[in-house]
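Student: Next up is a structure, given as structure tokens.
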Amino acid sequence: MAKSVFYSFHYDRDAWRVQQIIQMGALEGQPILNAQQWEEVKRKGDAAIKKWIADQMAYKSAVVVLIGAQTASRPWVRHEIAHAWDNHKPLVGIRIHGLADRNGNTDSYGENPFSKVSLKGGGTVGDYVPVYSPSGSNSQAVYADIKANIATWVNNAYKRS
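According to the working numbering, the sequence shown is numbered sequentially starting from 73.
Encoded structure:
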């Protein structure tokens, strides 16, 4: 059975790329809400969003942050990283900007979102969590590299003691 993970990502910009990763079948993730379902959760306010995140993440074996061009700037991604850290969930990042979107376009390289989450004792989560950059000169090659390695990358996620 595939390892069960929570996917963190920039919904509006990267949902198409994330669906490609989910469809690989290498991991089992939380259900990805469609735009209407996500709007319904958001309409209930920040507390409802935090509860949804906590509930979805609770029984997952790891948190996988799928990093696109603007992922690091997303407040809810930073919240998910902090929540995972505080709850001792293994964390790993995978860059997905090299996957094509529905229009066949790849994206630019984004900042490391883990470096945007400060720790109480100093430093950032980025000082600990590995970020993998799939290789390949086109979307198909990047897809193949992710598919071949994602389970290993998740197994090598940073596990906070």
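We put the beta carbon where it would ideally sit given N, CA and C, even for glycine. These numbers come from a predicted model, not from an experiment.
(1) Hey, how far is the Cα of Met73 from the Cα of Glu100?
(2) For Arg146 versus Trp88, is the C-beta distance shorter than 8 Å?
(3) Under DSSP, the alpha helix (DSSP H) around Val226 begins and ends at which residues?
(4) Would you mind giving the Cβ-Cβ distance between Ala154 and Val189, rounded to the nearest angstrom? I have them listed as a contact below 8 Å.
(5) I want to know whether the segment 160–167 touches the segment 194–212 - three or more CB-CB distances under 8 Å.
(6) For the candidate residues Glu111, Gly194, Ala130, Gly117, whose alpha-carbon lies nearest to that of Gln102?
(7) Let me know if Gly194 comes out buried or exposed under the rule of 16 or more other beta-carbons within 10 Å of its beta-carbon.
(8) Per DSSP, what are the beta-bridge partners of Glu100 in this structure?
(9) Which residue's Cα is closest to the Cα of Trp124: Glu112, Ile94, His160?
(10) Return the chain-ordered list of same chain residues with a C-beta closer than 7 Å to the C-beta of Asp179, the five sequence neighbours on each side being excluded.
(11) At a Cβ threshold of 8 Å, is Ser190 touching chain C?
(12) Please state if the CB of Asp199 and the CB of Ser207 are separated by a distance shorter than 8 Å.
(13) Which parts of the segment 128–179 are runs of the alpha helix (DSSP H), unbroken and 4 residues or longer, counting only runs that do not cross its ends?
(14) Just verifying my parser: in three-state terms, what is the DSSP assignment at Ser190?
Tutor: So, from the data block:
(1) Position 1 of the sequence shown, counted from the first residue, corresponds to residue 73. Position 28 of the sequence shown, counted from the first residue, corresponds to residue 100. Here the model assigns Met73 a pLDDT of 47, short of 50, so the residue's position is not dependable, and the following value carries that caveat. When rounded, the distance between both Cα atoms is 8 Å.
(2) Position 74 of the sequence shown, counted from the start, is the residue given in the question as residue 146. Position 16 of the sequence shown, counted from the start, is the residue given in the question as residue 88. Going by C-beta atoms, Arg146 is not nearer than 8 Å to Trp88.
(3) Start at 1 with the first residue of the sequence shown, and residue 226 comes out as number 154. Boundaries of the alpha helix (DSSP H) around Val226: 211–227.
(4) Position 82 of the sequence shown, counting from 1, holds the residue named residue 154. Position 117 of the sequence shown, counting from 1, holds the residue named residue 189. Ala154 to Val189, Cβ: 5 Å. Contact.
(5) Output reads yes: the segment 194–212 touches the segment 160–167.
(6) Here residue 102 refers to the residue found at position 30 of the sequence shown. Taking the Cα of Gln102 as reference, the smallest distance to any Cα among Glu111, Gly194, Ala130, Gly117 is reached at Ala130.
(7) Start at 1 with the first residue of the sequence shown, and residue 194 comes out as number 122. Exposure of Gly194 is indicated by the presence of fewer than 16 other C-beta atoms within 10 angstroms of its C-beta.
(8) As a working mapping, residue 100 is identified with position 28 in the sequence shown. The partner list for Glu100 (beta bridge, DSSP) reads Ser76.
(9) Position 52 of the sequence shown, counting from 1, holds the residue named residue 124. In terms of CA proximity to Trp124, Glu112 leads the group Glu112, Ile94, His160.
(10) Walking along the sequence shown from the start, residue 179 turns up at place 107. Short of 7 Å from the beta carbon of Asp179, and not among the five residues preceding or following it, lie these beta carbons of its own chain, in chain order: Gly140, Ala141, His169.
(11) No chain C is present in this structure, which holds just one protein chain.
(12) On the sequence shown, position 135 is the one that residue 207 refers to. On the sequence shown, position 127 is the one that residue 199 refers to. In this structure, Ser207 lies away from Asp199, with their beta-carbon atoms at least 8 Å apart.
(13) Look at the segment 128–179 and you find these whole runs of alpha helix (DSSP H), each 4 residues long or longer: 147–158.
(14) Counting from one through the sequence shown, the residue named residue 190 turns up at place 118. Here Ser190 sits in strand by DSSP.
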